[in-house]
Amino acid sequence: MLKAVLFDMDGVIVNTEPLHQKSYSLMFDDVNIDVPNDLYSTFTGQSTRAICEMLINHFKLPLGVETLVDIKRHHFKYLFENDNELDLLPGVLDVIKDYYTNGLTLVLASSASMENINNIFERFHLNDYFVAKLSGADLKASKPHPEIFENAAVAAGFERDECMVIEDSTNGIKAAKDAGIFCVGYDDLDSNQDFSLADLVVSDFKDIGYETISAHFNSVLAEK
99 MLKAVLFDMD GVIVNTEPLH QKSYSLMFDD VNIDVPNDLY STFTGQSTRA
149 ICEMLINHFK LPLGVETLVD IKRHHFKYLF ENDNELDLLP GVLDVIKDYY
199 TNGLTLVLAS SASMENINNI FERFHLNDYF VAKLSGADLK ASKPHPEIFE
249 NAAVAAGFER DECMVIEDST NGIKAAKDAG IFCVGYDDLD SNQDFSLADL
299 VVSDFKDIGY ETISAHFNSV LAEK
């Protein structure tokens, strides 16, 4: 039986991707590197630290990881406070409230820093619905490593086969499946991510309301 839902944040709860893209672009300009689109697309779902480590190695940058992380986060903080594009994804608040009202335990498992997570949750008044918030930035390994979802299931207080992940990235979906957790892929239809490993793919949160997803989840569980 479905008892807990483990949410990614960026691209699932809130549309921070435009802000991340702008802040990374400003950071690329600051350190004078040209990052092609095919390389940038691999960043989705990974922590800022993991991305900066990769950039330093790839471009042989004479900078420490903390320096590059600080540059990117400086730009993101400014954009977060001043850019008008930031908003919740359509329908996600309704599904969060639906799950919460029906007794599901909700946990946030994001690659974002805890500072960004807290800022988002306070801005959109989400704290009351979630029992825990986990940041991949605090872990040694970033998605697609499964550690964050393994920890999220523990934080929820349930076995992994009683949990469901909602993810929007190739890396996040792989992390969920490697953790042995049922995964819904959220595809905004403007993505170049690979959803092939997801157990279910949706582009509208109305398609995974509590009654619908519980029945589907329990049916899949019964077949195993």
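Counting in this note's numbering, the sequence shown runs from 99 upward without gaps. Glycine is no exception: its CB is placed at the ideal position from the N, C-alpha and C atoms.
From the listed residues D259, C281 and C261, the smallest Cα separation to N269 is found for C281. Inter-segment contact for the stretch 100-112 and the stretch 260-277 is present: three or more beta-carbon pairs are separated by less than 8 Å. Secondary structure at V229: coil, using DSSP grouped into helix, strand and coil. Contact annotation, L206 with L232: C-beta distance approximately 7 Å; criterion of less than 8 Å satisfied.
Per DSSP, the unbroken beta strand (DSSP E) holding E265 starts and ends at C261 to E265. Pairing N113 with P160, the inter-Cα distance amounts to about 32 Å.
Assigned with DSSP and collapsed to three states, L177 falls in helix.
By the beta-carbon neighbour count (other beta carbons within 10 angstroms, threshold 16), L137 is exposed. The beta carbon of F303 sits closer than 8 Å to those of L187, P188, G189, V190, D192, V193 and Y284, all from its chain and outside the five residues before and after it, given in chain order. For V300, the enclosing beta strand (DSSP E) covers residues L298 to V300. Per DSSP, the beta bridge partners of L104 are V205 and V263.
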